[in-house]
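First the structure, in the form of C-alpha cells, and then the observations on it.
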Amino acid sequence: MAMTNLLTITPWPMLSVAVLLVLLITALYFARDTARQVIHAAAGALARGLRVASHAVTRAQERLAARNRAVLLAAGREAKERVVEREFARVGDTVRKDLAGYPDMRRRLSESILRIEEDQEKAVEVPPEAPGWAQAIKIIAELKGRNANADILEDIHRSTVKAHEEAMADYRKASGQRHALLRQMMPDWRLIQETLERVNKTVESVLARALALDRHMEEYEAIVRGEDRAVSVLSSSSIVYFFVSALVLAVATAGTAVNFTLIARPMAEMVGGTNFIGGYRTADIAALVIIMVEISMGLFLMESLRITRLFPVIGALSDKMRVRMIGTTFAVLLMMASVEAGLAYMREVLLQDELATSSLLRGDNAASIVNPHLWITTAAQMGMGFVLPFALVFVAIPLETFVHSLRTVVGLAGIAVLQTLALILRLLGNGCRHLGTLTQRLYDLPLFVPLWIESRRLAHEALARSRLAVAATPWKEAQS
Amino acid sequence: MNARLALGVAVLALGSCARTGPHNTGVYLLVDTSGSYNLQARKAEQISLYALSRLQSADSIAVARINTGSFTEKDIIAKATLDDRPSTANQQKRAFAITLAKFVDETVPAPYTDITGGLLQAVEFLKEKNTSRKEILILSDMKEELAKGYVRDIPLDFKGFDVVALNVTKLRSDNFDPRLYLSRLDAWREKVEKGGGHWRVINDLDHLDGLL
C-alpha cells in the first residue's frame, strides 16, 4: 500500500520511481561517510570481540592441556610405581625364598662335601698287596720231584698257595669296598649339581627382574621429569586402555543383561509381578538391584585384594580388616550366586508351568509332552546363574581402567574441541573484518554515478589548482 | 533427625515415581444361551480360553450367561482376579478352564435374552474391579428378548469401556430383510457410544489377535 502511494507522487509511475531513486541515491551519498564509519566500527568491534574470545578459548585450551598433562603424568607415575613396587615384591619374594632355604642348602652341601671327603679318604687306603711269593712257590713246586725234603716243600707249597689265595681275596674285598665308596659319592655329587643349578636359575631370574626393573625405573624417571615423549606414550596408552576397557565393559553389560533375563521372571514370584516403581516393574528393579549388589561386592572384593584402587579407604585398611572384608564379600557373593542359581531353576519351572497352561488353554496336548533333555537347559541356566556373579567380579578391573583413562580421553577431546572453537572464532573474526570492507564496497555500488561525478570534480579541482600554481610561479619569481 | 529426613525424602521420591492408577485389564464375557445360540457354547469356551491366555497377573476375568434376567451375580459362571505371583496365576487359569469346560457340558438353553441386564452386570463388575482397561465381550446375535415385567430402557454408562460383539450371527428374519440385522447392530452401537463407550464387531473368530 505504502509502495503504491510512493509511486503516485507523480502522475507517471516510472517518473515516480526515477525521482525516488534519485532521492534515495542522494540520501545515501550524503550519509556515505557516516555509514562507512558505522560499518567499519561494527565490523571492527565484532572482529575484535571474536579475536578476544578466540584468545580466551586458546588460553582455556592451554590450561586444560596443562592440567591433562599433569593428570596424565600423575596417573602414569602412579601406574609405574605400582609396576616397580610389584617387581620389587617379586624380586623380594625370590630372594626371600632362596635366602630362607640358604642355611638348609648350605648344610646339605657341607654334609655332601664332608661325606665325599670321608669316602674319598677311605677310598685312598692302600689295599693289601698280593705277596710276591708266586715265583718262590713255582720254584718250590719244581723242586718237588728232585728233593728229598719233598714233603716239607709240599707243605710249604700248600701253605704258600693258601696264603696267596687269602691275600688275593683280601685284595678283591678291598677293591670292592673302594668301588662301593665311589658309588656312594654319586648321589652327593648329583645333589650338589642340582642345588647349584637351582641357585643358578634363581640368580638368572633375579638378573632378568633387575633388567626389567631398570627399564621401568628409566620410564619412571622420564615421567617424573615430565618428558614430552613420556607424555606422548602415556597419552596413546590411555586412549588404547580406554577403548579396550570400553569393549570389555560392553561385554560385561551383555553378561549383565543375560543375568538379568535369568532372574527377572522368577523375581516376580518374590516381589509380585504387578507392582511398578516409576514406570518399571518392581520385579525387574529387584533383579537389577541384585545384579548391582553383586557388582558392588565384586568391586569391594577386588579392592580388598588390592587388585584395584578405586576406594582409597579400603586400600588403607589394616591387613586384618581387609582379610575380614575379603571373607565377608566373598561369602555374600557366594550366597548371591546360590540365590541366582535357585532363581534360574525357578525360572525354568515357571516357564514349563506357563507352557503347560498355555497348551491347556489352546487345547494342544502335544505341547505338554515333556522333553527328556530338558535337564540340560535347566542345568545350564543354573550354572550360568551361579557363575555369572563371579564373572562379574572381574568387571572391577576394566571399570578402574575405564574411569582412569576416561579423564585423559575426555581431556584430550576437550582440548580438540577448544582448539577447533578457537580456530572457528579466529576465522569468524577475520571474516567479520572482510565482511565490513565488502559491505562498504556494496554500499558504494549504487552510488557509482555521484561518486564518479565527485571524482571528476576532484580531479578537475586538482587540475585547476595545479594550473593556478604553475601560473602563479613566474609572477612570484618576478616579484622576488 | 537426619536419618528421618533421608527416609522421608526417599519415601517421597519413591512415591512420586510410583504409578498412581491401575494398569491391569478386566474382561467380562457375556454368553448368549438362548435358543440355538446355546449350541455355540464351545465357541464361548474358545473365546474365554483365548482371553485367559492373554491375561497377566492382576487382570480380572468373568464369564456370565445371558439369561432371562441377567442383572444378577448368579449368572456369572466363573470369575477370577489373577494373583500377583505368576505360578498362582497359572493355577487360577487352569482352574478357570476346568470350570468353563464344566459349564459347556451342562448348559441349558434360556427362554429369553436379557442383554442389557448382562451389560449392566458387566459394567458393575468391572467398575468394582477398578481395572484400567475394561473389555466387555458379547457372544450373541444381539437380539434382545425380555420377559414380561423386566424394565431395561435405562441409560448405560460405558465410559472407559470397550464393548465387542463377537460372532453376531444372522437370524432367519435377517436373511429376508438384512436391514433388520444392520439396524440391530446400529442400535447397539448407538446405545454404547451414547454411554461413552467404544463399540466393535468381530465376526471372524479365527482372527481374535486384535481382541486383547
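Residue numbers (this note's numbering), protein chains in the order written: chain A, 861 to 1340; chain B, 223 to 434.
Idealized CB from N, CA, C, for every residue including glycine.
Owing to the predicted nature of the structure, the values given are computational and were not obtained by experimental measurement.
- Runs of the alpha helix (DSSP H) lying entirely within the segment 1102 to 1188 of chain A, each at least 4 residues long, are 1142 to 1164 and 1172 to 1175 in chain order.
- As the crow flies, the alpha-carbon of B/Asp-297 is around 7 angstroms from that of B/Ile-288.
- In this structure, the CA atom of B/Arg-411 is about 18 angstroms from the CA atom of B/Glu-367.
- In terms of beta-carbon proximity, A/Ala-1128 lines the interface with chain B, with at least one pair separated by less than 8 angstroms.
- A straight line joining the alpha-carbon of A/Gln-1044 with that of A/Asp-979 spans about 8 angstroms.
- The segment 933 to 944 of chain A makes contact with the segment 1080 to 1088 of chain A, as at least three CB pairs between them are under 8 angstroms.
- With a contact defined as Cβ atoms closer than 8 angstroms, B/Phe-293 and B/Gly-339 qualify at about 4 angstroms.
- In the three-state reduction of the DSSP assignment, B/Thr-329 falls in the coil class, being assigned neither a helical nor a strand state.
- Short of 7 angstroms from the beta carbon of A/Ser-914, and not among the five residues preceding or following it, lie these beta carbons of its own chain, in chain order: Ala-1282, Leu-1285, Arg-1286 and Gly-1289.
- Residue contact check for A/Ser-1065 against chain B: no CB pair falls below 8 angstroms.
- Annotation for A/Thr-886: the continuous alpha helix (DSSP H) segment containing it runs 873 to 890.
- Comparing C-alpha distances from B/Ala-387 to each of B/Asn-312, B/Ser-256, B/His-420 and B/Asp-327 shows the shortest one belongs to B/His-420.
- The Cβ of A/Gly-1132 sits closer than 8 angstroms to at least one Cβ of chain B.
- Here B/Ser-256 carries a strand assignment [DSSP, helix/strand/coil].
- Taking a contact as a CB-CB distance under 8 angstroms, the pair B/Asp-281 and B/Leu-252 does not count as one, their CB atoms being some 18 angstroms apart.
- Using a Cβ-Cβ cut-off of 8 angstroms, A/Thr-1237 does not count as an interface residue toward chain B, since no Cβ of chain B sits closer than that to its own.
- In this structure, A/Glu-1154 lies near A/Leu-1252, with their beta-carbon atoms less than 8 angstroms apart.
- In the same chain as A/Leu-910, and ignoring 5 residues on each side of it, the C-beta atoms closer than 7 angstroms to its own belong to Leu-1285, Leu-1288, Gly-1289 and Cys-1292, in chain order.
- Taken atom to atom, the span from the alpha-carbon of B/Leu-341 to that of B/Pro-400 is near 25 angstroms.
- In the same chain as A/Ser-876, and ignoring 5 residues on each side of it, the C-beta atoms closer than 8 angstroms to its own belong to Leu-866, Leu-867, Thr-868, Ile-869 and Thr-870, in chain order.
- Using a C-beta cut-off of 8 angstroms, the segment 1231 to 1251 of chain A makes no contact with the segment 882 to 890 of chain A, since fewer than three inter-stretch Cβ pairs fall below that distance.
- Neighbourhood of B/Leu-271 in chain A, by CB distance below 8 angstroms: Leu-1221, Arg-1222 and Gly-1223, in chain order.
- From the listed residues B/Phe-380, B/Thr-310 and B/Asp-336, the smallest Cα separation to A/Gly-1132 is found for B/Thr-310.
- Within chain A, no residue has its beta carbon less than 7 angstroms from that of B/Pro-377; the closest one is some 34 angstroms off.
- Nearest CB-CB separation between A/Thr-1121 and chain B: not below the 8 angstroms threshold.
- Counting other Cβ atoms within 10 Å of its Cβ, A/Ser-1265 reaches 16 or more and is therefore classed as buried.
- Taking the C-beta atoms as reference points, B/Val-326 is found nearer than 8 angstroms to B/Glu-267.
- When beta bridges are read from the DSSP output, B/Asp-384 appears opposite B/Glu-357 and B/His-420.
- At a cut-off of 8 angstroms, the C-beta of A/Leu-1234 has no neighbouring C-beta in chain B.
- At least one C-beta of chain B is nearer than 8 angstroms to the C-beta of A/Glu-1214.
- A distance below 8 angstroms separates the beta carbons of B/Tyr-334 and B/Ser-256.
- Take the alpha-carbon of A/Ile-1145 and the one of B/Arg-307: they are about 16 angstroms apart.
- One thing to note: B/Leu-271 has its Cβ within 8 angstroms of the Cβ of A/Leu-1221.
- Of all residues in the segment 1198 to 1214 of chain A, only Leu-1210, Asp-1213 and Glu-1214 place a beta-carbon less than 7 angstroms from a beta-carbon of chain B.
- In the pairwise beta carbon analysis, the segment 347 to 357 of chain B is classified as not touching the segment 312 to 319 of chain B: fewer than three pairs are separated by under 8 angstroms.
- The residue from A/Ala-926, A/Val-944 and A/Thr-1261 with its alpha-carbon nearest to that of A/Leu-1109 is A/Thr-1261.
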